[in-house]
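Down below is the structure, laid out as structure tokens.
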Amino acid sequence: MSRPQAGATSDSQQQIRERTTLSLLVIQMGGVDEVFRSLMALKAIKQLYPLLSIHVVSRRGASDPFKRVEWIDSVLETPAFKKGEDPIAKVALWIDQVISRRYELLTNWTADREHSRKAAILTRLIPAAAKFGDYIADDFSIHSYDGWSMYRNAWCTKAIEQDIHLTDLITTQMLTALQIHSGDPATDSIPASVTSKFFFKAGNPLLPTAWLDRPKGLKWIAIHADSAPIRADEWVEMVLRRHPDHGIVLVGDSNVKDVSALELDPNPRVIDLRGELHFDSMIPVLSHCGWIFASAHPIVDLASLLNLRIFYIAPFESREFGLKWTETGPYGNGHVVLVSKDEWRPEVAYAAWSFFQSEWFHKNSLTIHGHFENLALSSALAEIQIHKSRIRPAQEGGGVCYEQMAGALQEFESWIYRVRGQMARGWFCGWLPGVDQEVAKLNLSPALIRRIRTLNDSIEVIQKLGIEGRATAIGLQAVAKKMKAGYLMSVEDRASIEESGKRLLEIETLIERVGQVEPELLCILDWYRQLIHNLESESMAEMARETADAFDLALEGVDLILAYTRKTLEVSRPKMVVRETESHRNLDS
Amino acid sequence: MVADIRLLQGKLIENPDEVGTTQPGLVPKFIEELALEILSDEELVAAVTPGAESPNRGARA
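Residue numbers (our numbering), protein chains in the order written: chain A, 5 to 593; chain B, 57 to 117.
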């Protein structure tokens with residue numbers, strides 16, 4: 005994603021280079037999926053700020069991937085406890101070790117709820133000049149230091165769909181921070197792809213004999229057995245039957261039983277490595293494959309890192325054809341995502357995969373619809389969606405996006421999903437694509453126009469409430485400023501403060517009611533509440549000012565939605581067309 | 057829209073060499089909670105399986 009204009013400097017290259025020798029501490033206490041995403045973000049950051057020293061605190065057991073990259077300066081793992089050892093004393097000693105070094109920047113990238121509390125404590129305890137991410141406050145509740153982390157907590161941890169991948173979110177957060185605190189990146193740093201089969205240090209792990217003795221000359225597809233859906237074996241059999249030049253390697257944990265019932269007949273083109281690979285041996289095996297077939301699992305993040313093409317089976321979501329998977333979906337160019345409405349069908353999945361598998365051969369001379377028709381599966385397209393991932397050019401905002409290539413359309417849901425992402429770009433990047441161009445891309449069906457019209461009515465109500473909320477907060481600030489010692493006030497001022505406080509609560513309730521009628525707009529309230537949760541001031545006047553700022557920011561989002569709804573309705577309005585009649589032509593002549 | 061720098065610059069810490077918080081008694085409480093959290097992780101890992109977490113293991117959050 006693009007970086008904001010805010011904080012950009014015009015210092016000389018030499019000065020910038022001097023200031024880029026900062027140290028960054030990343031707190032990543034989540035699972036290996038988050039570790040892989042952090043690595044992708046850090047690689048992008050390191051490319052732009054090559055002199056930045058990067059240090060990581062990670063959970064013992066999940067930290068191995070950090071240790072396998074050369075450009076990470078240090079990896080500190082959580083301590084292990086011996087029997088009978090005092091854990092508090094041990095952790096206190098460990099903290100001493102962590103803080104023995106001075107960090108200019110510290111960011112907490114842990115999103116996993118299971119581990120977010122310890123990450124928040126560490127974020128609070130470890131000294132640094134500027135901090136980002138979630139931290140534990142004096143009252144032991146979790147707050148956020150920066151806008152991107154508030155955004156993640158407001159929307160990404162909930163069912164709200166928005167089009168920014170979590171990898172892009174953390175990358176942008178830190179690139180923006182570096183731009184503010186350190187200046188623009190060196191001009192000779194060329195941003196290249198962050199994913200590569202050579203991402204990790206080359207090791208020399210012992211590989212299973214079955215893999216070493218594999219038939220030569222085959223193209224390999226890795227199947228992640230633990231996350232593959234039921235009937236995945238039928239998909240594999242179709243591939244083996246129709247693609248004699250392909251082999252299958254099964255990976256996953258042998259302890260996971262009966263997830264996909266992947267029991268295949270003995271075949272020299274099938275190698276079963278379930279339970280036989282650890283992190284170091286998994287990498288050379290995956291690097292030899294052309295594709296991996298998997299669903300939501302950390303292996304998808306690893307495959308993204310290794311630039312291995314992914315055929316991703318999106319997990320079922322609460323909403324039909326929901327888009328929540330896009331926050332953690334495969335990262336990079338050319339990955340294929342299959343979303344099914346109901347039951348996953350192997351023949352449909354095969355049709356989808358085989359189209360993209362052969363796209364170099366047909367070179368767009370065949371459409372997906374034509375391919376499905378050839379396989380007598382045209383009707384199945386109504387039951388699925390097929391997406392393809394793409395990294396947007398920097399001038400389009402950067403980051404990964406998923407383009408729908410075929411299947412059922414969910415026009416309104418896709419529209420609001422995109423608009424929400426634009427709201428975040430407006431809030432944090434200071435960059436937005438033109439509304440006119442965005443609206444011009446829409447396929448305006450009568451149903452979509454009707455839906456947008458309904459939304460427009462509701463968002464106008466929220467706008468009025470937001471404006472009133474901001475005015476009330478500003479009024480409250482003016483009265484609170486008059487208070488001499490923070491508690492001495494006239495009876496009139498006290499009544500005014502009480503009234504303003506009550507009105508602010510009423511406005512919040514009224515916005516919630518609009519959200520109950522139009523649930524797609526509840527995101528505005530979630531965002532406002534997140535900002536209010538993170539108020540920092542202690543005086544009433546300052547808190548009132550921060551409340552006014554929160555309304556301001558929420559209103560910026562509201563204004564953006566209105567710009568989209570109004571433009572869409574304007575474009576869709578019937579226009580008078582003058583018909584050229586015989587008499588007109590006669591007059592002209 | 058112009059990005060609000062206050063939301064992007066992070067929290068600038070007045071005394072960056074200071075550990076955690078100036079509130080008396082809070083640092084030991086944080087360390088105690090952290091120790092219990094890490095300990096419960098350790099016990100969980102030991103109960104499930106020995107060895108490291110691998111891409112083969114562990115569901116997504």
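Idealized CB from N, CA, C, for every residue including glycine. Everything numeric in this text was worked out from a predicted model, so none of it was measured.
Tell me which same chain residues have a C-beta within less than 7 Å of the C-beta of T127/A, skipping the five on either side of it?
The residue given as residue 127/A occupies position 123 in the first sequence. The beta carbon of T127/A sits closer than 7 Å to those of I31, L110, N112, K135, G137, D138 and Y139, all from its chain and outside the five residues before and after it, given in chain order.
I69/B - DSSP class collapsed to helix/strand/coil:
Walking along the second sequence from the start, residue 69/B turns up at place 13. Secondary structure at I69/B: coil, using DSSP grouped into helix, strand and coil.
Which stretch, first to last residue, makes up the alpha helix (DSSP H) that contains F144/A?
What you label residue 144/A is simply residue 140 of the first sequence in a count that begins at 1. Premise fails: F144/A is in no alpha helix (DSSP H) and is neither H nor E.
Using the C-alpha atoms, what's the distance from I536/A back to D556/A?
Taking the first sequence and counting its residues from 1, one reaches residue 556/A at position 552. Taking the first sequence and counting its residues from 1, one reaches residue 536/A at position 532. So the alpha carbons of these two residues sit roughly 12 Å apart.
Secondary structure of W348/A, DSSP reduced to three states
Indexing the first sequence from 1 puts residue 348/A at position 344. Three-state DSSP puts W348/A in coil, outside helix and strand.
Chain B contact for K122/A (CB, 9 Å cutoff):
Against the first sequence, residue 122/A aligns to sequence position 118. K122/A counts as touching chain B.
Would the beta-carbon of A558/A fall within 9 Å of that of I478/A?
Mapped onto the first sequence, residue 558/A falls at position 554. Mapped onto the first sequence, residue 478/A falls at position 474. Contact check for A558/A against I478/A fails: the beta carbons are separated by 9 Å or more.
Start and end residues, alpha helix (DSSP H) containing H373/A
As a working mapping, residue 373/A is identified with position 369 in the first sequence. That run of the alpha helix (DSSP H) goes I372 to N378.
D276/A - partner residues in DSSP beta bridges:
Taking the first residue of the first sequence as 1, we reach residue 276/A at position 272. Answer is L254/A, bridged to D276/A.
Return the first residue and the last residue of the alpha helix (DSSP H) that G411/A is part of.
As a first step, residue 411/A must be located in the first sequence, where it is residue number 407. G411/A -> not in any alpha helix (DSSP H); beta strand (DSSP E) instead, spanning V404 to G411.
The stretch 273 to 287 of chain A touching the stretch 196 to 216 of chain A, judged by at least three CB pairs closer than 8 Å:
Three or more beta-carbon pairs drawn from the stretch 273 to 287 of chain A and the stretch 196 to 216 of chain A are found closer than 8 Å, and the two stretches are therefore classed as touching.
Between the Cα of G505/A and those of L480/A, M487/A and L529/A, spot the shortest distance and give me the residue it belongs to.
Position 501 of the first sequence, counted from the first residue, corresponds to residue 505/A. With distances taken between Cα atoms, G505/A lies closest to L480/A.
Of all the residues that make up the stretch 147 to 164 of chain A, which are near chain B by a beta-carbon distance shorter than 7 Å?
Cβ contacts with chain B come from Y149, D150 and G151.
Which class does Q414/A belong to by DSSP, given the choice of helix, strand or coil?
Within the first sequence, numbered from 1, the residue matching residue 414/A stands at position 410. The answer is coil: DSSP assigns Q414/A none of H, G, I, E or B.
Based on the DSSP secondary-structure assignment, which residues constitute the bridge partners of K392/A?
Walking along the first sequence from the start, residue 392/A turns up at place 388. Per DSSP, V340/A and E407/A.
What's the gap between the Cα of L68/B and the Cα of L310/A?
Indexing the second sequence from 1 puts residue 68/B at position 12. Indexing the first sequence from 1 puts residue 310/A at position 306. Going by the C-alpha atoms only, they are around 36 Å apart.
So which residues on chain A does P80/B lean against when the C-beta distance must stay under 9 Å?
Taking the second sequence and counting its residues from 1, one reaches residue 80/B at position 24. What P80/B touches in chain A: nothing, since even the nearest Cβ is about 11 Å away.
Assuming L526/A contacts G519/A under a Cβ cut-off of 8 Å, what Cβ separation, rounded to an integer in Å, is found between them?
Position 522 of the first sequence, counted from the start, is the residue given in the question as residue 526/A. Position 515 of the first sequence, counted from the start, is the residue given in the question as residue 519/A. About 4 Å separates the two Cβ atoms, so the contact holds.
Quick one: Cα of A91/B to Cα of A548/A, how far?
As a working note, residue 91/B is residue 35 in the second sequence. As a working note, residue 548/A is residue 544 in the first sequence. So the two alpha carbons sit approximately 38 Å from each other.
L268/A and A229/A look like a contact to me (Cβ under 8 Å); what is the Cβ gap, rounded to whole Å?
Walking along the first sequence from the start, residue 268/A turns up at place 264. Walking along the first sequence from the start, residue 229/A turns up at place 225. About 10 Å; that fails the 8 Å criterion.
Neighbouring residues, chain B, relative to D346/A (Cβ below 8 Å)
On the first sequence, residue 346/A is found 342 positions in, with the first residue counted as 1. Under a criterion of Cβ atoms nearer than 8 Å, no residue of chain B is adjacent to D346/A; the nearest Cβ is some 22 Å distant.
Who are the neighbours of T82/A on chain B, taking C-beta pairs under 7 Å?
Counting from 1 along the first sequence, the entry for residue 82/A is found at position 78. Under the 7 Å cutoff, chain B gives I94.
Here's a check: name, in chain order, each residue in its chain whose Cβ is nearer than 6 Å to the Cβ of W75/A, leaving out the five neighbours to either side.
What you label residue 75/A is simply residue 71 of the first sequence in a count that begins at 1. Answer for W75/A: K50, listed in chain order.
Is any beta-carbon of chain B found at less than 9 Å from that of E400/A?
Position 396 of the first sequence, counting from 1, holds the residue named residue 400/A. No - not a single Cβ of chain B is within 9 Å of the one on E400/A.
So which residues of chain B does K135/A contact, with C-beta pairs closer than 7 Å?
Translated into positions along the first sequence, residue 135/A becomes position 131. Near K135/A (Cβ distances below 7 Å), the residues of chain B are G66, K67 and I69.
Can you grab the Cα-Cα spacing for the pair E331/A / E93/B, in whole Å?
If you number the first sequence from 1, residue 331/A lands on position 327. If you number the second sequence from 1, residue 93/B lands on position 37. Answer to the nearest angstrom: the Cα atoms are 27 Å apart.
Where T213/A falls: helix, strand or coil (DSSP)
The sequence position of residue 213/A within the first sequence is 209, counting from 1. T213/A: helix per DSSP, three-state reduction.
What's the call for Q389/A, buried or exposed, on a 16-neighbour Cβ count within 10 Å?
Along the first sequence, read from residue 1 onward, the residue named residue 389/A stands at position 385. Per the 10 Å Cβ criterion, buried.
Using a Cβ-Cβ cut-off of 8 Å (strictly less than) and excluding sequence neighbours within five positions of R474/A, which residues of its own chain qualify?
Here the question's residue 474/A lines up with position 470 in the first sequence. Around R474/A: A552, F555, D556 and L559.
My guess is that R41/A and T171/A are in contact by the Cβ rule of under 8 Å, so how many angstroms apart are they, rounded?
Your numbering for residue 41/A matches position 37 in the first sequence. Your numbering for residue 171/A matches position 167 in the first sequence. The Cβ separation is near 5 Å, so the contact holds.
Can a CB atom of chain D be found closer than 9 Å to the CB of T330/A?
In the displayed structure, chain D is absent; the protein chains listed are A and B.
Check the C-beta distance from N181/A over to L64/B and give it rounded, since I have them as a contact under 8 Å.
As a position in the first sequence, residue 181/A is number 177, starting the count at 1. As a position in the second sequence, residue 64/B is number 8, starting the count at 1. According to the sequence displayed, residue 181/A carries Ala and not Asn. So it is a contact: roughly 7 Å between Cβ atoms.
Does R128/A have its Cβ less than 9 Å from a Cβ in chain B?
Locating residue 128/A in the first sequence gives position 124, counting from the first residue. Yes, because at least one Cβ of chain B sits closer than 9 Å to the Cβ of R128/A.
Cβ distance (whole Å) where G66/B is taken to contact Y149/A below 8 Å:
Along the second sequence, read from residue 1 onward, the residue named residue 66/B stands at position 10. Along the first sequence, read from residue 1 onward, the residue named residue 149/A stands at position 145. Rounded, the Cβ-Cβ distance is 5 Å, consistent with contact.
Less than 9 Å between the C-beta atoms of F297/A and I227/A, yes or no?
Taking the first residue of the first sequence as 1, we reach residue 297/A at position 293. Taking the first residue of the first sequence as 1, we reach residue 227/A at position 223. Yes, Cβ-Cβ distance for F297/A and I227/A is below 9 Å.
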